[in-house]
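The next block holds one structure in the form of structure tokens; read it before the comments.
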Amino acid sequence: MARIIGGLGTTHVPSIGKAIAERKQNDPYWKPFFDGFHFVHRWLAREKPDVAVVFYNDHGLNFFLDKLPTFAVGAANEYRNEDEGWGIPVSKSAAGIPNLSWHLIERLVADEFDVTICQDMLVDHAVTIPLSLMWPGEAPWPVRIVPVSINTVQHPLPSAARCFKLGQSIGRAIDTYEENLKVLVIGTGGLSHQLDGERAGFINKAFDQLCMDRLTNDPESLTRYSIPEIVEQAGAQGVEFLNWIAMRGALTGKVIEVHRNYHIPISNTAAATMVFDNQPAVLRGQHAA
Amino acid sequence: MRHHNIPGTTLFGGDEAQKGIALNRMCFSFNSAENRTAFLKDEDAYCAKFGLNAEQRQAVRERNVLKMLAAGGNIYYLAKLAGIFELNVQDIGAQQTGMSVDQFKDKLVAAGR
């Protein structure tokens, strides 16, 4: 059976792609952020996930505002990136796992999540940057992915509660998939930031810290925030935290926070990286690094 | 979008989506390098092709992000336009808040303290 080994949340700021291409990982500006991935690399080398389910939001690569699904699930063999228009390098492609995608889609629709099904799907920096951070270098990423796009761009957005339930439904669906796969669940974006309006540059460290703590200890409490409340507290684009909430919803076992890095600023954003084990490490006879 | 009172912030909803569709569609086209070149070559013709209204055309002419937002622009799409002029989100943040770029960057750093 497939099992969820853990969850990972990370910021996906486009300029990270540029910093990687220009090898700026050790520049003083970037080092506090990239250093947060040393643990992630060790953890991934040990856990060796086969598959990553990625909750993210598209920023106008695959979807335009003319037809914008609230929830969309990729069911492709390959997910290409293309020119996104803001001068970051085009990324390599990610491999898909269509049979798992369709299993998740069937379970989601049975659970009354009437998702858009995408046999062709471009993925933008919100998918490719996290994968590049997790597995740096030229080699193909060692996971096949299922991208799950959540609309965080055009209101009305799905509620935090709905996104948490979406994650729970996917978590249950993974647990019933018959192939023997190790699955990592990823949520990308955030944390607090605002790009537009007179309040551009808004960052809220206290709220971010509360969100990270609650994500670990009491994720359901986060589902009580309305979307305007999240915008007020986390900034207009801080609503990307919905992707993290969905990721956390998918963690169906006993959840332990094993890593956290938080740094202000990367671009206009409070940058965060978190890793969760989905079972106590002791039960598996292993030790967290 | 209505039903909130957050200063300096618009929730991009139905009103903005309807108002801004032409401007946002033009910005969406900037995913293509060929289209970015066409815009730079003849901005008037390119804006006309996408049917920008007078308010949107003026905002683009002035490179004024707040005016583009008021004309229904969505920031993720406007960022593609800003990219043509090699402006990043600190540059447009500074413009929207009336700061210098250095002041805006300082403000971001200060948020971490």
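Top to bottom, those sequences are chains A and B.
Numbering-wise (the working numbering), the first sequence opens with residue 25 and increments by one.
Numbering-wise (the working numbering), the second sequence opens with residue -3 and increments by one.
Think of the CB as a built atom: it goes at the ideal place given N, C-alpha and C, for glycine as much as any other residue.
Being a predicted model, the structure only gives us computed values, none of them experimental.
6 Å CB neighbourhood of residue i in its chain, flanking five on each side removed
| i | result |
| --- | --- |
| residue 91 of chain B | 61 |
| residue 82 of chain A | 148 and 173 |
| residue 303 of chain A | 277 and 278 |
| residue 43 of chain A | 54 |
| residue 138 of chain A | none |
Neighbourhood of residue i by C-beta distance below 7 Å, restricted to the same chain and skipping five residues each side
| i | result |
| --- | --- |
| residue 127 of chain A | 197 and 201 |
| residue 100 of chain B | 86, 89, 90 and 93 |
| residue 195 of chain A | 28, 273, 274, 275 and 276 |
| residue 21 of chain B | 46 |
| residue 74 of chain B | 23, 61 and 64 |
Collapsed DSSP secondary structure at residue i in the structure displayed
| i | result |
| --- | --- |
| residue 298 of chain A | strand |
| residue 201 of chain A | coil |
| residue 100 of chain A | coil |
| residue 141 of chain A | strand |
| residue 60 of chain A | helix |
| residue 313 of chain A | Confidence at residue 313 of chain A is low in this model, with a pLDDT of 39, below 50, so its placement is unreliable and no value can be given for it. |
| residue 55 of chain A | helix |
| residue 249 of chain A | coil |
| residue 118 of chain A | strand |
| residue 208 of chain A | strand |
| residue 39 of chain B | helix |
| residue 55 of chain B | helix |
| residue 172 of chain A | strand |
| residue 30 of chain A | strand |
| residue 304 of chain A | Residue confidence for residue 304 of chain A is low, a pLDDT of 44 falling below 50, so the modelled location carries little weight; the figure read from the coordinates is stated next. Residue 304 of chain A falls in the coil class under three-state DSSP. |
| residue 272 of chain A | helix |
| residue 50 of chain A | coil |
| residue 65 of chain A | helix |
| residue 163 of chain A | coil |
| residue 0 of chain B | coil |
| residue 283 of chain A | strand |
| residue 24 of chain B | helix |
| residue 100 of chain B | helix |
| residue 224 of chain A | coil |
| residue 17 of chain B | helix |
| residue 255 of chain A | helix |
| residue 154 of chain A | helix |
Beta-carbon spacing of residue i, residue j below 7 Å
| i | j | result |
| --- | --- | --- |
| residue 228 of chain A | residue 257 of chain A | yes |
| residue 26 of chain B | residue 76 of chain B | yes |
| residue 99 of chain A | residue 122 of chain A | yes |
| residue 222 of chain A | residue 89 of chain B | no |
| residue 75 of chain A | residue 207 of chain A | yes |
| residue 225 of chain A | residue 267 of chain A | no |
| residue 93 of chain A | residue 140 of chain A | yes |
| residue 259 of chain A | residue 217 of chain A | yes |
| residue 145 of chain A | residue 103 of chain A | yes |
| residue 79 of chain A | residue 290 of chain A | no |
| residue 110 of chain A | residue 47 of chain B | no |
| residue 84 of chain A | residue 101 of chain A | no |
| residue 118 of chain A | residue 67 of chain A | no |
| residue 296 of chain A | residue 35 of chain A | yes |
| residue 232 of chain A | residue 294 of chain A | yes |
Residue i burial status per 10 Å Cβ neighbour count (16 or more: buried)
| i | result |
| --- | --- |
| residue 81 of chain B | exposed |
| residue 220 of chain A | buried |
| residue 25 of chain A | exposed |
| residue 178 of chain A | buried |
| residue 173 of chain A | buried |
| residue 279 of chain A | buried |
| residue 103 of chain B | buried |
| residue 130 of chain A | exposed |
| residue 32 of chain B | buried |
| residue 248 of chain A | exposed |
| residue 28 of chain B | exposed |
| residue 108 of chain A | buried |
| residue 143 of chain A | exposed |
| residue 105 of chain B | exposed |
| residue 33 of chain A | buried |
| residue 12 of chain A | Any property of residue 12 of chain A remains undetermined from this structure, which presents chain A solely from 25 to 313. |
beta-carbon residue i near the ligand FMN non-hydrogen atom, thresh 6 Å
| i | result |
| --- | --- |
| residue 270 of chain A | Looking at this structure, you won't find the ligand FMN or any other ligand, since it has none at all. |
Other residues of its chain near residue i: CB distance less than 8 Å, five sequence neighbours each side excluded
| i | result |
| --- | --- |
| residue 41 of chain A | 112, 113, 115, 149, 152, 153 and 156 |
| residue 309 of chain A | Reliability fails at residue 309 of chain A, whose pLDDT of 49 lies under 50, so the model's placement of it is uncertain and no value is given. |
| residue 14 of chain B | 68 |
| residue 49 of chain B | 18 and 67 |
| residue 188 of chain A | 243, 244, 246, 247, 269, 270, 272 and 273 |
| residue 39 of chain A | 112, 290 and 291 |
Chain-ordered chain C contacts of residue i [CB-CB under 8 Å]
| i | result |
| --- | --- |
| residue 92 of chain B | Chain labels in this structure do not include chain C; the protein chains are A and B. |
message: To be precise: take each residue of the stretch 239 to 266 of chain A, compare its Cβ to all Cβ atoms of chain B, and keep it if any distance is under 7 Å. Which residues remain?
response: 252, 255, 256 and 260
Contact set between the stretch 24 to 43 of chain B and chain A, restricted to residues whose Cβ is under 8 Å from the partner: 24, 26, 27, 28, 29 and 32
- prompt: Using a Cβ cut-off of 8 Å, which residues of the stretch 273 to 287 of chain A contact any Cβ in chain B, in chain order?
  reply: 287
message: Along the stretch 92 to 120 of chain A, where does the CB come closer than 8 Å to a CB of chain B? Name the residues.
response: 106, 107, 108, 109, 110 and 111
- request: Compile a chain-ordered list of the residues in the stretch 49 to 76 of chain B whose CB is closer than 9 Å to at least one CB of chain A.
  value: 61, 62, 65, 69, 70, 71, 72, 73, 74, 75 and 76
message: What are the residues in the stretch 176 to 187 of chain A lying within 8 Å of chain B by C-beta distance?
response: 177, 178, 179 and 180
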